[in-house]
Every structure is written in C-alpha cells, then in structure tokens.
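Participant: This is the structure, below, for whatever I ask next.
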Amino acid sequence: MSNLEQTRAAQEVFICETCFKDRNSSIVWAWKSKEVKTEIPDPIVVKGHALFQSQSCNSCHGEGGIGTAAAVALTGVGVKYSESHLEALLHAPNSKMTGGGMQPVVLKPQDLEALSTYLRQLH
Ligand code: HEC
Numbered sequence: 000m001s002n003l004e005q006t007r008a009a010q011e012v013f014i015c016e017t018c019f020k021d022r023n024s025s026i027v028w029a030w031k032s033k034e035v036k037t038e039i040p041d042p043i044v045v046k047g048h049a050l051f052q053s054q055s056c057n058s059c060h061g062e063g064g065i066g067t068a069a070a071v072a073l074t075g076v077g078v079k080y081s082e083s084h085l086e087a088l089l090h091a092p093n094s095k096m097t098g099g100g101m102q103p104v105v106l107k108p109q110d111l112e113a114l115s116t117y118l119r120q121l122h
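Residue numbers are given in numbering that gives the first Met the number 0: position 102 of the sequence shown equals residue 101, and the series is strictly consecutive.
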C-alpha cells in the first residue's frame, strides 16, 4: 500500500464511523454522513410544524413563520422568549396579537410544547 492509499483508507474508516455502512466510495459516504445529520428532523419539531399548519398559524405568520402583511415573522422568537414565556403568550396572547386577530391557542400541554419547540427553532 502506498502512503496515499494508506491515508485514504484511514480517512474512509473515519468517515464511515459516522455514516452508513455503504461501501461504494468515500465520497458517497461523506455526502451521506452530512445528509444523515441534517435530514433527520426532531420528531417534536415535525409535530410542532404540523400543528403550526393545522392551527392556521401559517395563514397570518406565513409558511415557516417568515411573516406576512397580516403578522410578524416568528423567526427569532426562540431568542426573544423563553420556552415558558412563549407558551404563556400563546395561551394568553397580548393585546397586539389579539388586535391582529390572533386567538388564544387551546391545545393539550404536550401539543403546546411541540408547537413552542417548533417556533423556538425557527431562524
Ligand atoms: C389572524 C392572524 C393570526 C393568526 C392566525 C396567528 N397569529 Fe400570531 N400574531 C398575530 C399578530 C397580529 C401578532 C402581533 C404582531 C406584532 O407584535 O406586531 C402575532 C404575534 C404572535 C407571536 C409573538 C411574536 C413576537 O415576536 O412577539 C407569536 C409567538 C405568535 N403570534 C404565534 C402564533 C401561533 C403559534 C399561531 C397559531 C396557533 C398564531 N400566532 C396564529 C396574528 C396571528
């Protein structure tokens, strides 16, 4: 084995520890290991996103909370509010929110938590 081959073999083993057991090529492995990390979404975030749509939040705040003429973007609420503050706000919207037509969110605690987790990871 040449030095180059040895180096490559070592890299392949390293890459493959973090990815699929796909023995095609190191390039495929590296690409897959990246995709695996970014594409498996947190199930609670998936649930929160479904609630965001089923509760019609997107009708005012836009798909993905990017904002519309009807309501502000929700990107960054995770920085603005703590989890408990955000849940309290959804449960009892302030006058600015109700003034814009937003209703109090009535959900089971675990659904409210999923919705707020979804909102807090928007960026
Ligand atoms: C009828 C339109 C409407 C709907 C539907 C709506 N909102 Fe709102 N929302 C508003 C308005 C208006 C505000 C206040 C914007 C402002 O502060 O200027 C607001 C504010 C908020 C805020 C506070 C944002 C901040 O930066 O302080 C959050 C969080 C929020 N909404 C979440 C939701 C969620 C979650 C849903 C779905 C359950 C939802 N909204 C549905 C109109 C709406």
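C-beta atoms are modelled at their ideal positions from N, C-alpha and C, and glycine is treated no differently. Please read these numbers as outputs of a predicted model, since none were measured by experiment.
Among the candidates Gly75, Glu112, Gly61, whose CA atom is the shortest distance from the CA of His90?
Facilitator: His90 has its Cα closest to that of Glu112, out of Gly75, Glu112, Gly61.
Participant: Return the chain-ordered list of same chain residues with a C-beta closer than 8 Å to the C-beta of Leu121, the five sequence neighbours on each side being excluded.
Facilitator: Gly63, Gly64, Leu73, Thr74, Gly75, Val76, Gly77, listed in sequence order.
Participant: Measure the Cβ-Cβ separation of Ala68 and Gly100 and say whether it is below 9 Å.
Facilitator: The answer is no: Cβ separation not under 9 Å.
Participant: What is the rounded straight-line gap between the Cα of Trp28 and the Cα of Lys107?
Facilitator: With a pLDDT of 49 at Trp28, under the threshold of 50, the modelled position of that residue is not reliable, and the figure given next carries that caveat. Roughly 42 Å between the two C-alpha positions.
Participant: Out of Cys59, Gly47, Val45, which has the shortest C-alpha to C-alpha gap to Val71?
Facilitator: Val71 has its Cα closest to that of Cys59, out of Cys59, Gly47, Val45.
Participant: Apart from the five residues just before and just after Glu86, which ones in its own chain have a Cβ nearer than 6 Å to its Cβ?
Facilitator: Excluding sequence neighbours, Glu86 sits near Leu111, Ser115.
Participant: Could you tell me the distance, in whole angstroms, from the CA atom of Ser53 to the CA atom of Gly47?
Facilitator: Each residue's Cα considered, the two are about 10 Å apart.
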